[in-house]
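Notes to accompany the following structure.
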Amino acid sequence: MRNALIFLLLGLVPSLIATALLLQSGINPDTQVLALACLALISLLAGFALLLSGNRHIQRLAQSANLIAAGKRKKAEALAKNAPAELHQVEQSIRVLAAEVDKGKRNFAELVARVKQHTAKMQALQEKLKRESVLRAYLARYVGDDVIEQMILSQDEDPLKNERCEATLLFADIRSFTTLSENMSPEEIIAMLNEYFDAMVGIIFKNNGILDKFVGDELMAVFPARKDKAAAPLNAVRAAMGMQEKIAALMQERNARGLPIFQVGIGVNTGSVVAGNVGAKNRMDYTVIGDTVNVAARLEQIAEGQEILVGEQTHAYCKHAVLMREKGEIKVKNRDEPVKCYEIVKKTGGFK
0 MRNALIFLLL GLVPSLIATA LLLQSGINPD TQVLALACLA LISLLAGFAL LLSGNRHIQR
60 LAQSANLIAA GKRKKAEALA KNAPAELHQV EQSIRVLAAE VDKGKRNFAE LVARVKQHTA
120 KMQALQEKLK RESVLRAYLA RYVGDDVIEQ MILSQDEDPL KNERCEATLL FADIRSFTTL
180 SENMSPEEII AMLNEYFDAM VGIIFKNNGI LDKFVGDELM AVFPARKDKA AAPLNAVRAA
240 MGMQEKIAAL MQERNARGLP IFQVGIGVNT GSVVAGNVGA KNRMDYTVIG DTVNVAARLE
300 QIAEGQEILV GEQTHAYCKH AVLMREKGEI KVKNRDEPVK CYEIVKKTGG FK
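Numbering of the sequence shown is given in numbering that gives the first Met the number 0, commencing with residue 0 and proceeding in unit increments.
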């Protein structure tokens, strides 16, 4: 609009005025034609000059736009002050748009970085869940779900580290197993043991015990003392009583099926033990050792079928909840003083 006005003022208007003057004057027609032609040429040249000036501004604007689009905004020269206002407005709009694009790029880059961080966290979480799944599957053969959860949620880097602690040990053994198995085939012996162990381990896990090992027809379980020291002995005694009740029911079933039946003696003892990984470099077992373990094993050895014998410390923890009677004293290997033991009175109904 501005260029058009300038073109009118500098070119057409003067030409029209000069033409009118020539026509009113007495100049001959040939001279008038020549003068008009000269004035028209001057007007055209003036208009062309104005168009070239506007074109230069447009070219500079186009170059600046290309530089801005290429991310070289600092190299983009601003339009001259005498450029048309419309072009200045276009230039300003281009720069505002470029600034918004840069801002969008930065936001997108931040979003991509956050997505990468979340992806890395998700991958780490997936690996952790995978390790926990493997650990759960492995531990499920030895401990119950409650103990697994406590071990996984433990703040210790190594929940199975070597340490001295208090624990309650439970040993259970089939009475006269050698004589019983002499009249059975290997397949029958294995089937009987699997049926028996499956029932016993379920009860141990239910009472927060840890299966330590099977030795032939004998099993060993550990009930570690955690926050409440009295809980482990009570859990072990509950497990022992539940095992004997289950064995009685199981033998009734076996007898009804015409299968050999047996009885089990159980020993329970509480005290200090050393827990840790014991074995060779390429084969380790997590177990407990110490005098407390020896006493528990000895109690199991002297227990009669369907009998549960407990040591002095187990008795002290559980006497308020379980009916017991003193059984006497037993001699334990490598100990000078005998050990008092107590029998759980099952026929009274167990827990008070």
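Just so you know, even glycine gets a beta-carbon here, dropped at the ideal spot from N, CA and C.
Euclidean distance between Cα positions of residue 103 and residue 112: Answer to the nearest angstrom: the Cα atoms are 14 angstroms apart.
How would you label residue 184, buried or exposed, when you count the other beta carbons within 10 angstroms and need 16 or more for buried? Exposed, because fewer than 16 other Cβ atoms sit within 10 Å of the Cβ of residue 184.
Fully enclosed by the stretch 182-256, which alpha helix (DSSP H) runs are 4 residues long or longer? Fully enclosed alpha helix (DSSP H) runs of no fewer than 4 residues occupy 185-205 and 230-255 of the stretch 182-256, in order along the chain.
Separation of residue 110 from residue 203, as counted between CA atoms: Their backbone Cα atoms lie some 52 angstroms apart in a straight line.
If you compare alpha carbons, which of 174, 119, 228 and 196 is closest to residue 245? Here the closest residue by C-alpha is 196.
Provide the residue span of the beta strand (DSSP E) that contains residue 329, from first to last. Secondary structure note for residue 329: its beta strand (DSSP E) is the uninterrupted segment 323-329.
Check this for me: beta carbons of residue 200 and residue 179, under 9 angstroms apart or not? The Cβ-Cβ distance between residue 200 and residue 179 does not fall below 9 angstroms.
Does the stretch 274-286 come into contact with the stretch 295-310, if we say contact requires no fewer than three beta-carbon pairs (one atom in each stretch) closer than 8 angstroms? They do not touch, by the three-pair rule.
Can you check which of these residues, 291, 126, 171 and 253, is closest to residue 215 by C-alpha distance? If you compare the alpha carbons of 291, 126, 171 and 253 with that of residue 215, the shortest gap goes to 171.
Rounded distance between the beta-carbons of residue 317 and residue 326, thought under 8 angstroms: Rounded to whole angstroms, the Cβ separation of residue 326 and residue 317 is 15 angstroms, and the two are not in contact under 8 angstroms.
Inter-stretch contact (C-beta, 8 angstroms, three-pair minimum) for the stretch 118-137 and the stretch 226-237: Touching, no, given that fewer than three Cβ pairs across the two stretches are closer than 8 angstroms.
Below 9 angstroms between beta carbons: does that hold for residue 303 and residue 243? Cβ atoms of residue 303 and residue 243: not closer than 9 angstroms.
Which residues does DSSP list as the beta-bridge partners of residue 170? Beta-bridge pairing by DSSP links residue 170 to 219 and 266.
Taking only the alpha-carbon atoms, compute the straight-line gap between residue 222 and residue 277 and give it to the nearest angstrom. Approximately 18 angstroms between the Cα atoms of the pair.
Quick one, which of 264, 332 and 252 has its alpha-carbon nearest residue 291's? Nearest C-alpha to residue 291: 332.
From which residue to which residue does the alpha helix (DSSP H) around residue 294 run? Run containing residue 294: 290-301, per the alpha helix (DSSP H) assignment.
For residue 267 and residue 169, which I take to be in contact (beta-carbon distance under 8 angstroms), what is that distance rounded to the nearest angstrom? The C-beta distance from residue 267 to residue 169 rounds to 5 angstroms, short enough to fall under 8 angstroms.
For residue 176, tell me which candidate among 189, 256, 238 and 330 has the shortest Cα-Cα distance. 189 is the residue among 189, 256, 238 and 330 whose C-alpha sits nearest the C-alpha of residue 176.
Rank 123, 213, 336 and 255 by C-alpha distance to the C-alpha of residue 173 and give the top, closest one. The shortest C-alpha separation from residue 173 is found at 213.
Helix, strand or coil at residue 344 according to DSSP, with G and I counted as helix: Secondary structure at residue 344: coil, using DSSP grouped into helix, strand and coil.
Taking Cβ to Cβ, would you say residue 311 is nearer than 9 angstroms to residue 265? In this structure, residue 311 sits away from residue 265, with a CB-CB distance that is not shorter than 9 angstroms.
Determine the closest residue to residue 274 out of 166, 254 and 207, with distance taken between C-alpha atoms. For residue 274, the nearest C-alpha among the options comes from 166.
Element boundaries [alpha helix (DSSP H), containing residue 315]: Following the DSSP letters along the chain, one finds residue 315 inside the alpha helix (DSSP H) bounded by residues 311-317.
Skipping 5 residues on each side, what residues in its chain have a beta carbon closer than 7 angstroms to that of residue 314? Correct list, in chain order: 323 and 341.
Residues that DSSP places opposite residue 276 in a beta bridge: Checking the DSSP bridge columns, you'll see residue 276 partnered with 285.
Straight-line CA distance for residue 240 to residue 123? Inter-residue distance for residue 240 and residue 123 is about 44 angstroms (C-alpha atoms, whole angstroms).
Residue 258, DSSP secondary structure in three states: Three-state DSSP puts residue 258 in coil, outside helix and strand.
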